[in-house]
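Reviewing the structure listed below.
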């Protein structure tokens, strides 16, 4: 990428480590302040408060009102993620702070993971891999697993990622149902106004919506019960979409058919009771974690920052 | 009809079906479906050695159930079954049956047809995604409590970053029923499909490569969906793997021996291909132990067809073939080696 001139004095705060490529490209262009290297983070922020003009956030590090207030020169929050639930959007709008995210470039990867998790749970790919690696196959055959083709896939949130999941599931002859803020009649999928109804009518429920006040803990006991003892829950949204203790007890008590999880309430903590379950597949928030997509996301973050500081239109503004 | 077959019919009223080896564990449902309609001659229950049992009890048997690799239907066996006219197998693969010898003796073979193509294709796609996105390895990473430990620099060195599926070129080796179902699914992930098969398929729009080496050279991944025959034994050899290259991924849901397993293992250990998803092996259930420690290898114990639906469909297909045979109707899934 061509580097525009004279931005080395602009202070950009990088709260946590995200990707080596992103870090390297930010360092080439800006005065990059790496918060995670500081022994005392609060002091570090205080020391640089007067000069920080941009924050690069991600799924776990955003900008709340307190942080925004402590940085009087803050102009832009560029998130290395599409979900920006950790950014106080209302407050940013009030204070005139711009916000950008990374839509589209990661849509396919995240949708791929949703189907990958579904197949891994239903066909027991990880469990049967353990069966081989532990030598058990020599003692006898593995058991039968659950067919995926033709199962009804319910999608919560039919945005870019939700639609991409639907397209993939259709190739497996899966009927598609969904629940969304608004019905989309142009799509020939079955719409349900509530998540509970959606859960009661599908075999696999994929969480693909944004995390907002309305969708916090939207997957609760009622939904989990409606999905049923054979239903499979796939979470590629945010950990806080699901009432994690409720899901855990449903899985441990056999009231759920299984779960494929990429996100958790308190990453990187994963409830260890899940480790003994064969109908659960666990990923470390890897939905967009491919070499190609990480680079594309980083390029988009850089592109948005450069556009802002060159007074050009932002590439992917949220606010 | 000779004397012994008249006796057999009058004793049992049901047509006879010879089963040599016990279809144990997950396959017990076959026995219950079959015993309602056929009198099953259970060779494994007899104290007699097999050849004696067959000479004594199976001289007039016209049909037999071949249970996977345990029942090799070869010339030695067929010599002991002079009245045999039909072999039914619950697999789509017929590499455990001597087709030449069957043809010579006028014995028909009925296989599983397309009974489990969908499930095998689902598994192939699952393995494909798993290898590219390191799903099984990442699941192990979490269960080994490795996520989030150490310094921030350790997180930077997360070793399991995957490769995007979209835009990848996938070469299907064997575009039969299973290969076709795999292709249809992978297209939805943005992959472009080409194939190698014994013959080009006129109704298919995917590019055809007559040479599997050329297929490998022009693709990022190979998915093996073909039958095991004399021609396809070790089809995927050193030359093909080299043509596939360092970034190449291979998935096998066909038969282990289509791939030169020793050579594949060597390539994986030395990083000469990017990864593999394997449901089948040359000497099942033995799997080269050196593969167990590799995060770029996904292993499954020949389970691609292991769903209740597939097993029921296969059972239904075999029963339907046997019923057709015994009422002089054409077979539903007669295997014709063309």
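Residue numbers (the working numbering), protein chains in the order written: chain A, 1 to 319; chain B, 1 to 338.
We put the CB at the ideal spot given by N, CA and C, even for glycine.
List the residues of chain A that residue i touches, going by C-beta distances under 7 Å, in chain order.
{"i": "residue 168(B)", "result": "Simply none; closest approach about 10 Å."}
{"i": "residue 285(B)", "result": "137 and 138"}
{"i": "residue 308(B)", "result": "144"}
{"i": "residue 184(B)", "result": "171"}
{"i": "residue 292(B)", "result": "133"}
{"i": "residue 190(B)", "result": "108"}
For residue i, go through chain A and note every residue whose CB falls closer than 8 Å to its CB, in chain order.
{"i": "residue 187(B)", "result": "171"}
Roughly how many angstroms separate the alpha carbons of residue i and residue j, rounded to a whole number?
{"i": "residue 307(B)", "j": "residue 115(A)", "result": "18 Å"}
{"i": "residue 65(B)", "j": "residue 315(B)", "result": "11 Å"}
{"i": "residue 204(A)", "j": "residue 154(A)", "result": "6 Å"}
{"i": "residue 7(B)", "j": "residue 19(B)", "result": "Its pLDDT being 48, under 50, residue 7(B) is placed unreliably by the model, and the measurement read from it follows with that caveat. In a straight line, the C-alpha of residue 7(B) is about 20 Å away from that of residue 19(B)."}
{"i": "residue 277(B)", "j": "residue 126(A)", "result": "12 Å"}
{"i": "residue 104(A)", "j": "residue 222(A)", "result": "32 Å"}
{"i": "residue 209(A)", "j": "residue 136(B)", "result": "25 Å"}
{"i": "residue 10(B)", "j": "residue 61(B)", "result": "Bear in mind that the predicted position of residue 10(B) carries a pLDDT of just 47, short of 50, making it unreliable; the figure below should be weighed with that in mind. In a straight line, the C-alpha of residue 10(B) is about 14 Å away from that of residue 61(B)."}
{"i": "residue 292(B)", "j": "residue 130(A)", "result": "9 Å"}
{"i": "residue 332(B)", "j": "residue 177(B)", "result": "15 Å"}
{"i": "residue 162(A)", "j": "residue 111(A)", "result": "7 Å"}
{"i": "residue 83(B)", "j": "residue 57(B)", "result": "12 Å"}
{"i": "residue 63(A)", "j": "residue 36(A)", "result": "15 Å"}
{"i": "residue 227(B)", "j": "residue 311(B)", "result": "19 Å"}
{"i": "residue 252(B)", "j": "residue 290(B)", "result": "18 Å"}
{"i": "residue 252(A)", "j": "residue 152(A)", "result": "24 Å"}
{"i": "residue 250(A)", "j": "residue 98(B)", "result": "51 Å"}
{"i": "residue 236(A)", "j": "residue 195(B)", "result": "33 Å"}
{"i": "residue 238(B)", "j": "residue 171(B)", "result": "17 Å"}
{"i": "residue 6(A)", "j": "residue 165(A)", "result": "43 Å"}
{"i": "residue 224(A)", "j": "residue 170(A)", "result": "24 Å"}
{"i": "residue 92(A)", "j": "residue 68(A)", "result": "8 Å"}
{"i": "residue 40(B)", "j": "residue 73(B)", "result": "18 Å"}
{"i": "residue 300(B)", "j": "residue 132(A)", "result": "7 Å"}
{"i": "residue 294(A)", "j": "residue 301(A)", "result": "11 Å"}
{"i": "residue 243(B)", "j": "residue 218(B)", "result": "8 Å"}
{"i": "residue 188(B)", "j": "residue 77(A)", "result": "34 Å"}
{"i": "residue 214(B)", "j": "residue 25(A)", "result": "39 Å"}
{"i": "residue 113(B)", "j": "residue 38(B)", "result": "21 Å"}
{"i": "residue 81(A)", "j": "residue 258(A)", "result": "27 Å"}
{"i": "residue 141(B)", "j": "residue 134(A)", "result": "17 Å"}
List, in chain order, every chain B residue whose beta-carbon is nearer than 7 Å to that of residue i.
{"i": "residue 129(A)", "result": "136, 298, 299 and 300"}
{"i": "residue 300(A)", "result": "Chain B residues near residue 300(A): none, gap ~15 Å exceeds 7 Å."}
{"i": "residue 85(A)", "result": "The premise fails here: residue 85(A) is roughly 20 Å from chain B at the closest Cβ pair, so nothing lies under 7 Å."}
{"i": "residue 284(A)", "result": "138, 141, 142 and 147"}
What residues of chain A sit near residue i, judged by a beta carbon separation below 9 Å?
{"i": "residue 260(B)", "result": "Simply none; closest approach about 20 Å."}
{"i": "residue 16(B)", "result": "Near residue 16(B) there are no residues of chain A at all, since even the closest Cβ is about 28 Å away, more than 9 Å."}
Please list the partners that residue i has in chain B, where partner means a Cβ-to-Cβ separation under 8 Å.
{"i": "residue 116(A)", "result": "126, 129, 130, 133 and 135"}
{"i": "residue 292(A)", "result": "163 and 164"}
Give me the Cβ distance between residue i and residue j, rounded to the nearest whole Å; I'm assuming they're in contact under 8 Å.
{"i": "residue 61(A)", "j": "residue 34(A)", "result": "12 Å between Cβ atoms; not a contact."}
{"i": "residue 322(B)", "j": "residue 17(B)", "result": "7 Å"}
{"i": "residue 75(A)", "j": "residue 97(A)", "result": "6 Å"}
{"i": "residue 335(B)", "j": "residue 22(B)", "result": "That pair is no contact at about 24 Å."}
{"i": "residue 367(A)", "j": "residue 10(A)", "result": "Chain A is shown from 1 up to 319; residue 367(A) falls before or after that span and cannot be answered."}
{"i": "residue 83(A)", "j": "residue 238(A)", "result": "6 Å"}
{"i": "residue 254(B)", "j": "residue 273(B)", "result": "The pair is not a contact, with the Cβ atoms about 17 Å apart (cut-off 8 Å)."}
{"i": "residue 318(A)", "j": "residue 101(A)", "result": "5 Å"}
{"i": "residue 63(B)", "j": "residue 325(B)", "result": "6 Å"}
Can you name the residues that DSSP bridges to residue i?
{"i": "residue 317(A)", "result": "100(A)"}
{"i": "residue 252(B)", "result": "224(B) and 278(B)"}
{"i": "residue 195(B)", "result": "172(B) and 208(B)"}
{"i": "residue 289(A)", "result": "According to DSSP, which records beta bridges pairwise, residue 289(A) is partnered with nothing at all."}
{"i": "residue 86(B)", "result": "63(B) and 108(B)"}
{"i": "residue 190(A)", "result": "177(A)"}
{"i": "residue 55(A)", "result": "13(A) and 77(A)"}
{"i": "residue 230(A)", "result": "Bridge partners of residue 230(A): none, in fact."}
{"i": "residue 39(B)", "result": "16(B)"}
Could you list which residues in chain B have their beta carbon closer than 9 Å to that of residue i, in chain order?
{"i": "residue 212(A)", "result": "Those do not exist, as residue 212(A) stays about 26 Å from chain B at its closest Cβ, beyond 9 Å."}
{"i": "residue 44(A)", "result": "Near residue 44(A) there are no residues of chain B at all, since even the closest Cβ is about 14 Å away, more than 9 Å."}
{"i": "residue 168(A)", "result": "185, 188 and 189"}
Per the contact definition of three or more C-beta pairs closer than 8 Å, is the segment 259–273 of chain B in contact with the segment 203–212 of chain B?
Because the criterion of three Cβ pairs below 8 Å is not met, the segment 203–212 of chain B and the segment 259–273 of chain B do not touch.
Below 8 Å, how does it come out for the segment 137–146 of chain A and the segment 177–186 of chain A: are there three or more Cβ pairs, yes or no?
Segment contact: the segment 137–146 of chain A against the segment 177–186 of chain A, fewer than three CB-CB distances shorter than 8 Å; contact not assigned.
Any contact of the segment 158–178 of chain A with the segment 188–203 of chain A, i.e. 3+ C-beta pairs under 8 Å?
By the Cβ criterion, the segment 158–178 of chain A is in contact with the segment 188–203 of chain A, since at least three pairs of Cβ atoms, one from each stretch, lie closer than 8 Å.
Hey, is the segment 118–133 of chain B in contact with the segment 177–197 of chain B, meaning 3+ C-beta pairs nearer than 8 Å?
Short answer: they touch.
Okay, do the segment 153–172 of chain B and the segment 288–302 of chain A touch, 3+ Cβ pairs below 8 Å being the bar?
Three or more Cβ pairs closer than 8 Å define a contact, and the segment 153–172 of chain B meets that threshold against the segment 288–302 of chain A.
State whether the segment 139–149 of chain B contacts the segment 93–107 of chain B, with contact taken as three or more CB pairs (one from each stretch) at a distance under 8 Å.
Pairwise C-beta distances place the segment 139–149 of chain B out of contact with the segment 93–107 of chain B, as fewer than three of them are shorter than 8 Å.
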